[in-house]
Each structure stands twice: as structure tokens, then as C-alpha cells.
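Undergrad:
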Amino acid sequence: MTMKTPFKKQVLILAACFMVFAALCTGCATNGSDQEMWKRVEAAEQPLEKTAWVADWQWQDGSEDLQGMTNGLTRVQMFAAYFDEADNLLFTDMFKKGLPKVKEIAQKSSLVRVDLTIVNDLKRPDGTDVQKDPSIVTRLMATPQSRAKHIAQIMEAVDTYQFDGVEIDYERVEEKDWSNMQLFIQELYEKLQKKEKTLRIVLEPRTPLEKLALPKGPVYVMMAYNLYGTTSGPGPKADRQFIKELATAMQAVPGEKVIAIAAGGFDWAESGEVTAVTEKEALELAKSGAEPPERDEASGSLHFSYVDEHNRKHTVWYADGTTLANWAQVIEDEGYRKLALWRLGGLSPESVRFMDR
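So for the sequence shown, this note's numbering puts the first residue at 2; every next one is plus one.
#1: What's the C-alpha gap between Phe-80 and Gly-218?
#2: Under a three-way DSSP split, which group does Arg-41 fall into?
#3: Report the option in Val-254, Lys-51, Leu-247, Gly-236 whose CA atom is closest to the CA atom of Asp-297.
#4: Just how far apart, CA to CA, sit Lys-195 and Val-115?
#5: Quick check on DSSP: helix, strand or coil for Ala-341?
#6: Would you list the residues sitting across from Leu-210 in a DSSP beta bridge?
#7: With DSSP as the reference, label Asp-122 as helix, strand or coil.
#8: Please identify the residue among Phe-185, Tyr-337, Ala-56 whose C-alpha is closest to the C-alpha of Gly-256.
#9: Quick check on this structure: which residue in Gln-183, Asn-181, Leu-200, Met-182 has the alpha carbon closest to the alpha carbon of Tyr-190?
#10: Could you give the first and the last residue of the continuous alpha helix (DSSP H) run that contains Phe-331?
#11: Could you please give the first and the last residue of the uninterrupted beta strand (DSSP E) stretch that includes Glu-282?
#12: Around the Cβ of Arg-207, are there at least 16 other Cβ atoms within 10 angstroms (buried) or fewer (exposed)?
#13: Which of the three DSSP states is assigned to Ser-302 in this structure?
#14: So does the stretch 268 to 281 actually touch the stretch 237 to 244, counting three or more Cβ pairs closer than 8 Å?
#15: Quick one: grab the DSSP three-state call for Lys-173.
#16: Should Gln-59 and Leu-345 be called a contact, given that it needs their Cβ atoms to be closer than 9 Å?
#17: Should Lys-177 be counted as a contact of the ligand PLP given a C-beta to heavy atom distance under 8 Å?
#18: Is DSSP giving Glu-292 helix, strand or coil here?
#19: Does the distance from the CB of Ile-434 to the CB of Val-222 come in under 9 Å?
#20: Residues bridged to Lys-258 by DSSP?
#21: Determine, for Leu-342, whether the minimum Cβ-Cβ distance to residues of chain B falls below 9 Å.
#22: Report the residue from Phe-96, Asn-89, Tyr-319, Glu-333 whose alpha carbon sits nearest the alpha carbon of Asp-57.
#23: For His-151, does the three-state DSSP call read helix, strand or coil?
#24: Using only CA atoms, which one of Glu-86, Thr-93, Arg-76 lies nearest to Val-103?
#25: Please check the pair Leu-213 and Gln-183, which I expect to be a contact at CB under 8 Å, by giving their CB distance rounded to whole angstroms.
#26: CA-CA distance, Pro-294 and Val-113?
#27: Does the Cβ-Cβ distance between Phe-92 and Ala-153 come in under 9 Å?
#28: Indicate the three-state DSSP secondary structure (helix, strand or coil) for Leu-228 in the structure shown.
#29: Would you mind sorting Ser-352 into buried or exposed? The rule is 16 or more other CB atoms within 10 Å of its CB.
#30: Under the rule that 16 or more other beta-carbon atoms within 10 Å means buried, what is Phe-355, buried or exposed?
#31: Once DSSP output is grouped into helix, strand and coil, what is the label at Phe-92?
#32: Consult DSSP for Asp-438 and reduce its assignment to one of helix, strand or coil.
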């Protein structure tokens with residue numbers, strides 16, 4: 002049986018206090034060890050610092066969820082700025098419609114800041130796109146001049162839309178580009194610092210952290226999700242072991258670190274088609290299942306099967322509020338105090354309450 006989180010925290014606090022008291026009584030504690038013990042007490046008393054993403058294509062549902070968690074969030078990331086065929090930043094009409102609403106909600110809480118997320122997706126005029134295009138990164142990072150031009154566009158966007166910070170979500174970066182990417186991170190961080198703006202860098206599980214010397218200063222976010230997804234068979238977005246492994250890998254990263262988890266899940270059809278589903282969509286699909294959703298022990302995720310109107314079998318795995326809380330506990334147990342959620346929109350009231358704590 003798993004110890005409930007509030008009781009577990011009480012035990013940790015009492016244990017830490019006892020250690021401090023015992024050390025003081027025996028006279029064996031040094032000033033350094035005293036301070037470390039009290040830090041543990043304070044950490045156990047504090048809730049996780051939470052941030053979340055709102056995606057432009059789902060800004061209405063995302064804003065609805067955001068409305069219910071302004072007490073629990075410190076920042077929200079507006080996703081995203083993309084790229085056109087000339088490698089210039091591109092903002093969709095949905096982004097421009099959604100941003101004012103997100104800012105309006107964020108301003109209700111003095112603690113919530115709004116950042117711009119930039120992703121290396123190509124958007125073509127005909128409506129097609131290329132997601133996570135590594136060639137964009139190659140071109141942008143290639144020379145001091147190309148990096149400077151890109152940074153200038155980012156700074157212009159920050160000023161135009163009045164963002165509090167920037168998040169870089171460049172994925173599938175080729176190994177040959179990482180040295181220039183690290184220079185870019187440092188250069189962008191210095192520019193933003195002068196404007197008193199923050200910088201976050203999103204890292205994939207595949208990022209070769211052991212080979213990199215990432216600059217100090219930015220916040221680094223590890224994507225602890227998509228263990229199973231569109232390129233695999235059915236399974237959870239994450240499990241406890243997966244999160245633990247990534248938390249360990251992040252020890253090589255300097256400075257402030259965040260572990261990101263993902264809401265919702267995926268629907269795998271026996272035909273091979275895989276569709277992303279929100280938590281609410283999964284709950285609706287579960288009504289068609291012969292059996293209620295079952296919770297997986299290793300991941301804390303829920304899963305079920307159903308047959309659609311074409312008599313095709315589907316398997317769905319998804320996260321609910323209990324899943325998110327379980328993953329958050331793993332993150333805490335691994336010594337991390339910051340959590341990010343991908344993404345808002347279609348959350349159950351339980352999940353919204355979890356994020357508002």
C-alpha cells in the first residue's frame with residue numbers, strides 16, 4: 002500500500018526535525034549540516050512549484066483549465082511561435098486570439114507570469130507543416146550572424162507581445178548542431194537577462210546530456226513523457242521508472258531544473274492509427290468500454306479497450322488526477338521541486354485541483 006502524500010510529508014518533516022534536534026543535542030552537527038537539514042524540512046513543507054503550457058490550437062479549453070489553477074501556478078507557457086519557409090518566426094491567428102485571454106487570467110494572480118514557447122515546426126502557406134524540423138535548427142545555429150538574427154527576432158517578439166520570458170523547445174537537434182546550440186543558449190540568455198526576462202530550455206529524453214556542457218543561467222526542463230505514443234504500441238505516457246531515470250540524467254544539468262509530465266493519453270486502433278486524446282475525451286470513450294478503466298501499477302495510468310462503430314477494437318491509455326499526483330510524488334522523491342504540465346485543455350476537475358494546489 003502506498004503512503005498518502007500529506008501523511009508522508011508529515012513523516013518527512015518530523016524525521017528531519019528529529020535529526021536536527023538529535024544533532025544539536027549531541028553537539029555533532031556543524032553549521033553546514035544544520036543548514037542542510039533545515040533545507041530538507043523547508044522543502045518537505047513546500048508544495049511543488051508548478052507551470053503549464055497552453056497550446057494555440059486549444060487556447061479556449063486551455064484557458065478554461067487555467068482559470069481554475071491560478072493559485073497553483075507560477076508561470077504559464079504560451080505555445081507556440083513556429084517558423085515560416087524563410088526561417089522567420091510565425092504566429093498563428095489562434096495564438097493572437099488566445100494570448101490576450103491567457104494574459105487576462107494570469108493577471109488575476111500576481112504570481113503567474115506568461116512566457117513565449119518557440120518550437121522548430123515549419124508552417125507552410127498551404128496549411129501543411131513539418132513538426133520538429135532539425136534542419137531549421139541547423140540553419141539558425143550555423144553562424145554568429147544567423148544566431149544574432151534569430152535572437153533579434155525573439156527579442157522583438159518579447160517586446161511586441163510583452164512576454165515575461167522565453168522558452169526554447171527545439172527538438173530532434175542533430176548532434177553536430179549542439180555546440181552551436183549551446184552558444185545560442187548563452188547568447189539568448191544574456192540578451193534576456195538585460196531585459197530582466199527569463200529563459201527556459203526544453204530537453205528531450207534523447208538529449209545527449211552526458212556529452213554537453215549546457216550554460217549556467219537558464220532553467221532546463223526535461224520532457225518526462227511519451228514513453229509510449231504515436232510511434233509505439235499501447236502504453237502509458239510515463240511510468241515511475243522512466244521518470245526516475247530522467248531525473249537521474251538531469252543531475253548533469255546545471256542550475257534550476259524542472260521535470261515535465263503530460264496529461265491526457267493516446268487511443269490506439271487495431272488498424273494502426275494512433276490518436277492523441279485529452280483526459281475528458283478518454284473519459285467519454287471509456288463509456289463505450291465493456292469494462293471500466295483499470296489502473297496500471299507501474300505507471301499509475303488508466304487503460305481500457307472499446308469497440309467503435311466500425312467494429313474496430315481500440316486501446317486507450319491516459320492520465321487522470323491521481324496519475325499526475327503519483328508522478329509528482331516520484332519527482333519529489335527524486336529531489337526535484339518544480340513540475341511542468343503538458344498541456345492544459347480537456348482536464349478533469351480532479352486534475353485541475355491537483356494543479357491548483
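Heads up, the beta-carbon is just placed ideally off N, CA and C, and yes, glycines get one too.
TA: The answer reads as follows:
#1: Position 79 of the sequence shown, counted from the first residue, corresponds to residue 80. Position 217 of the sequence shown, counted from the first residue, corresponds to residue 218. Spanning the two alpha carbons is a distance of roughly 22 Å.
#2: Position 40 of the sequence shown, counted from the first residue, corresponds to residue 41. Any reading at Arg-41 must be qualified, since the residue scores a pLDDT of 48, below 50, and its modelled position is unreliable; no value is offered.
#3: By 1-based counting over the sequence shown, the position of residue 297 is 296. Taking Asp-297 as reference, the option from Val-254, Lys-51, Leu-247, Gly-236 with the minimal CA-CA separation is Gly-236.
#4: As a working note, residue 195 is residue 194 in the sequence shown. As a working note, residue 115 is residue 114 in the sequence shown. Taking the straight line from one Cα to the other gives about 18 Å.
#5: Numbered from 1 along the sequence shown, position 340 holds the residue referred to as residue 341. Strand, per DSSP.
#6: Taking the first residue of the sequence shown as 1, we reach residue 210 at position 209. Leu-210 pairs with nothing; no bridge assigned.
#7: The residue you call residue 122 lines up with position 121 of the sequence shown. Asp-122 falls in the strand class under three-state DSSP.
#8: Along the sequence shown, read from residue 1 onward, the residue named residue 256 stands at position 255. Selected option, being the one with the closest Cα: Tyr-337.
#9: Residue numbering aside, residue 190 sits at position 189 when the sequence shown is read from its first letter. With distances taken between Cα atoms, Tyr-190 lies closest to Leu-200.
#10: Here residue 331 is taken as the residue at index 330 of the sequence shown, counted from 1. For the sequence presented, residue 331 should be read as Val rather than Phe. For Val-331, the enclosing alpha helix (DSSP H) begins and ends at 322 to 334.
#11: Reading the sequence shown from its first residue, position 281 is the one you call residue 282. Not the beta strand (DSSP E): Glu-282 falls in the alpha helix (DSSP H), residues 280 to 287.
#12: Residue mapping note: residue 207 aligns to position 206 of the sequence shown, counting from 1. Arg-207 is classed as exposed because its beta carbon has fewer than 16 other beta carbons within 10 Å across all chains shown.
#13: Locating residue 302 in the sequence shown gives position 301, where the first residue counts as 1. In the structure shown, Ser-302 sits in coil (DSSP, three-state: anything other than H, G, I, E or B).
#14: Not touching, per the Cβ criterion.
#15: Indexing the sequence shown from 1 puts residue 173 at position 172. The amino acid at residue 173 is misidentified as Lys; the sequence shows Arg. If DSSP states are grouped into helix, strand and coil, Arg-173 belongs with coil.
#16: Residue mapping note: residue 59 aligns to position 58 of the sequence shown, counting from 1. Residue mapping note: residue 345 aligns to position 344 of the sequence shown, counting from 1. In this structure, Gln-59 places its C-beta atom within 9 Å of the C-beta atom of Leu-345.
#17: The ligand PLP is not part of this structure, which contains no ligands at all.
#18: Taking the sequence shown and counting its residues from 1, one reaches residue 292 at position 291. Three-state result, Glu-292: coil.
#19: This structure leaves residue 434 out entirely; the chain is present only between 2 and 358.
#20: Translated into the one-based positions of the sequence shown, residue 258 becomes position 257. In the DSSP assignment, Lys-258 forms a beta bridge with Tyr-221.
#21: Among the chains of the structure shown, chain B does not appear; only one protein chain is present.
#22: Along the sequence shown, one-based indexing puts residue 57 at 56. Closest in alpha carbon position to Asp-57, among Phe-96, Asn-89, Tyr-319, Glu-333, is Phe-96.
#23: By 1-based counting over the sequence shown, the position of residue 151 is 150. In this structure, His-151 counts as helix in the three-state DSSP scheme.
#24: One-based indexing of the sequence shown puts residue 103 at position 102. The alpha carbon of Val-103 has as its nearest neighbour, out of Glu-86, Thr-93, Arg-76, the alpha carbon of Arg-76.
#25: Residue numbering aside, residue 213 sits at position 212 when the sequence shown is read from its first letter. Residue numbering aside, residue 183 sits at position 182 when the sequence shown is read from its first letter. About 7 Å separates the two Cβ atoms, so the contact holds.
#26: Locating residue 294 in the sequence shown gives position 293, where the first residue counts as 1. Locating residue 113 in the sequence shown gives position 112, where the first residue counts as 1. Whole-angstrom Cα-Cα distance: 35 Å.
#27: Here the question's residue 92 lines up with position 91 in the sequence shown. Here the question's residue 153 lines up with position 152 in the sequence shown. No; because the gap between Cβ atoms is not below 9 Å, this pair is not in contact.
#28: To locate residue 228, count along the sequence shown from 1; it is residue 227. DSSP, read as helix, strand or coil, puts Leu-228 in coil.
#29: On the sequence shown, residue 352 is found 351 positions in, with the first residue counted as 1. It is buried - the Cβ of Ser-352 has at least 16 other Cβ atoms within 10 Å.
#30: Counted from its first residue, the sequence shown places residue 355 at position 354. Burial call: buried.
#31: Taking the first residue of the sequence shown as 1, we reach residue 92 at position 91. Residue state, collapsed to three classes: coil.
#32: Residue 438 falls outside the range modelled here, since the chain spans only 2 to 358, and no answer is possible.
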